[in-house]
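The sequence shown begins at 565 in the numbering used here and counts up by one. We put the CB at the ideal spot given by N, CA and C, even for glycine. Report on the structure given below.
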Amino acid sequence: ATGKGKSLCMQSAGTLLGGVTLVIVPLLALGADQVTKILRANQAYGVVKGYHLDEIKTPERRNMIIQELLHLNPDSKTSIFIFASPQAIVSNTAPWRGAIHNLHLKRLLRLVVIDELHLYLQFGLSLRSEFKKLTSLLLDKLFPPTDKRSHPALLVMTATISQRWLHIFHKMTNLSFLPKHILWGSPDDMARRDVNISFFLGDSILKRMRGSLIHFLQSTLYRKAILYSNTRNTALSLKDTIDNLMDANDIDGDSIVIHGELESHTKFYRAKQFTGAHNDGVLTPRVLVATSGCANAGIDCEDVYWVIRQDMPPSILDLFQEMGRAARRMDKVFGTDHYIVIFSLSSFNYLFLRAHSQIDDQTPPLILTKAEKTAIQLEALMEVLDLLVLDY
Numbered sequence: 565a566t567g568k569g570k571s572l573c574m575q576s577a578g579t580l581l582g583g584v585t586l587v588i589v590p591l592l593a594l595g596a597d598q599v600t601k602i603l604r605a606n607q608a609y610g611v612v613k614g615y616h617l618d619e620i621k622t623p624e625r626r627n628m629i630i631q632e633l634l635h636l637n638p639d640s641k642t643s644i645f646i647f648a649s650p651q652a653i654v655s656n657t658a659p660w661r662g663a664i665h666n667l668h669l670k671r672l673l674r675l676v677v678i679d680e681l682h683l684y685l686q687f688g689l690s691l692r693s694e695f696k697k698l699t700s701l702l703l704d705k706l707f708p709p710t711d712k713r714s715h716p717a718l719l720v721m722t723a724t725i726s727q728r729w730l731h732i733f734h735k736m737t738n739l740s741f742l743p744k745h746i747l748w749g750s751p752d753d754m755a756r757r758d759v760n761i762s763f764f765l766g767d768s769i770l771k772r773m774r775g776s777l778i779h780f781l782q783s784t785l786y787r788k789a790i791l792y793s794n795t796r797n798t799a800l801s802l803k804d805t806i807d808n809l810m811d812a813n814d815i816d817g818d819s820i821v822i823h824g825e826l827e828s829h830t831k832f833y834r835a836k837q838f839t840g841a842h843n844d845g846v847l848t849p850r851v852l853v854a855t856s857g858c859a860n861a862g863i864d865c866e867d868v869y870w871v872i873r874q875d876m877p878p879s880i881l882d883l884f885q886e887m888g889r890a891a892r893r894m895d896k897v898f899g900t901d902h903y904i905v906i907f908s909l910s911s912f913n914y915l916f917l918r919a920h921s922q923i924d925d926q927t928p929p930l931i932l933t934k935a936e937k938t939a940i941q942l943e944a945l946m947e948v949l950d951l952l953v954l955d956y
């Protein structure tokens, strides 16, 4: 389940193993957030450091970190966490790959973590292609099938995965897990999140939620909301509507939008603005408007109380990820956090037609054929339809 301590598993294992832990993250915001948490934590077991490779821009800084890694004493209690997106490793960064291989040869690379696995498999051609390159350039060399004794420990984490997608991961990487080494969450994990869930049939968030949203934003200055939609145009329209609503009702704060057509560094910057990790003194973000998959992982903000989705979710896995953005506080009070889905049959039609459009896609398949991809998306959509409409 989301927000149930997966990061703690990675941090604890890496600290106890010592040496270097490589954490592969799909989103820039995830890596930056994890480094911030590691550097802030009180360490009772040796020295723990963290670096985010995507944020290291100069050769001088890169070389300094590489030298620190390669000269690490194998017997010391120092643990170093390296966070990197696949792009940071595969794109013109031979020095990083060379350093990681040297760490592996010296037995200093103790743990490899793949975080938010579902994002590599399910969202976006660019993510999947970069992960496939990462497999051939790095993972195949770290985990050769002929020499399993040389393998570092491997930890793969996600809050939302199925057996089908695990099989696809195996096809993509040739890495597989024994059944006893796969730990599944239980329904009780989500039940303890104390999130009120509501489903409404309708076309617009503002028609259904206008009064409630105004009251929520006026009630306190620090509580935040996230609004999800399926398309960039809907997200941009929602942002304009929210801005006008806040201005008309003298509500302090600003809205931010994140969608798939933004550059990675822009998504990263806006996510940090919303969570409060970056304060430019200009914006006071209260509402994040995002498209499916762009901000349903990596947003770890205790101030998020409301998550609202306009349009039918593409899959139940999306629903779980979005719901998991709320109730992330240690001292949460029952009844204060909400996940609200406002869907229409027209949004179902959009997703249905979008899935079928895969057949006409001219890009070469990476792992799945276009027909297989369409079948998976339609199956996921029918599960959502069964949950939201047939049980409505």
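Excluding the five sequence neighbours on either side, which residues of its own chain have a C-beta within less than 6 Å of the C-beta of residue i, listed in chain order?
i    : result
C573 : none
G817 : T848 and R850
I620 : R626
Q651 : E694
K613 : I644
I863 : R889
L945 : L915
P877 : L883 and V948
I630 : A663
I678 : I588 and V720
Can you tell me where the beta strand (DSSP E) holding residue i begins and where it ends?
i    : result
Y615 : V612 to H616
I863 : Where I863 is concerned, there is no enclosing beta strand (DSSP E), given that its DSSP letter is neither H nor E.
S819 : D818 to I822
F907 : D901 to F907
T855 : P849 to T855
Pick from the options: whose alpha carbon is nearest that of residue i?
i    : options                   : result
I906 : T699, I646, L603 and L765 : L765
I588 : W660, T710, E943 and N637 : W660
I725 : L739, L747 and K735       : L747
Q874 : K712, G610, T798 and S700 : T798
Y786 : F916, R834, K803 and G840 : G840
M773 : I904, V759, D758 and F741 : I904
D639 : Q651, V611 and A648       : V611
I769 : V759, T784, S655 and L809 : L809
L672 : S655, F695 and K641       : K641
K735 : K771, D767 and K696       : K696
E825 : T855, L591 and N637       : T855
R893 : P743, D758 and L742       : D758
H902 : F763, S655 and R713       : F763
S801 : G775, S819 and I678       : S819
D767 : L917, S908, L777 and G595 : S908
S783 : T900, L669 and T579       : T900
Would you grab the beta carbon distance between residue i and residue j for me? Rounded to a whole angstrom, and I think it's under 8 Å.
i    : j    : result
V676 : L706 : 6 Å
Y869 : A789 : 7 Å
I880 : L951 : 7 Å
W729 : H682 : 7 Å
R796 : H829 : About 18 Å separates the two Cβ atoms, so there is no contact after all.
For residue i and residue j, I'd like the C-alpha separation in whole angstroms.
i    : j    : result
D867 : Q837 : 13 Å
L703 : E827 : 26 Å
A577 : H731 : 25 Å
F733 : S693 : 13 Å
E886 : D807 : 22 Å
H715 : Q575 : 19 Å
I815 : L781 : 7 Å
Y792 : T622 : 36 Å
C865 : L852 : 11 Å
S740 : V821 : 37 Å
A890 : N760 : 10 Å
I646 : H745 : 24 Å
D597 : S571 : 11 Å
V720 : S910 : 37 Å
Q727 : P743 : 11 Å
T600 : A835 : 14 Å
A648 : E624 : 18 Å
I912 : V846 : The amino acid occupying residue 912 in the given sequence is Phe; Ile does not appear at that position. Roughly 39 Å separates the two Cα atoms.
D711 : N637 : 25 Å
Excluding the 5 residues preceding and the 5 following residue i in the sequence, name in chain order all residues of the same chain whose CB lies nearer than 7 Å to its CB.
i    : result
Y914 : N794
L633 : V584, I644, A663 and L667
L581 : R674, L675 and A717
N508 : This structure gives no information on residue 508, because the portion of the chain shown stretches from 565 to 956.
L603 : G614
K803 : S819, V821 and V853
Is any heavy atom of the ligand HEM found at a distance shorter than 7 Å from the C-beta of residue i?
i    : result
S576 : The ligand HEM is absent from the structure shown, which contains no ligands of any kind.
Could you spell out the range, first to last residue, of the alpha helix (DSSP H) harbouring residue i?
i    : result
D811 : R796 to A812
G582 : Counting along the chain, G582 falls outside any alpha helix (DSSP H), and DSSP gives it neither H nor E.
D882 : I880 to M887
G790 : Checking the sequence shown, residue 790 turns out to be Ile, not Gly. Where I790 is concerned, there is no enclosing alpha helix (DSSP H), although the beta strand (DSSP E) it sits in stretches over K788 to S793.
I815 : Element bounds for I815: n/a, residue is neither H nor E.
In its own chain, which residues sit with a C-beta less than 8 Å from the C-beta of residue i, not counting the 5 before and 5 after it?
i    : result
I653 : I588, L617, W660, R661, I664, L698, L701 and L702
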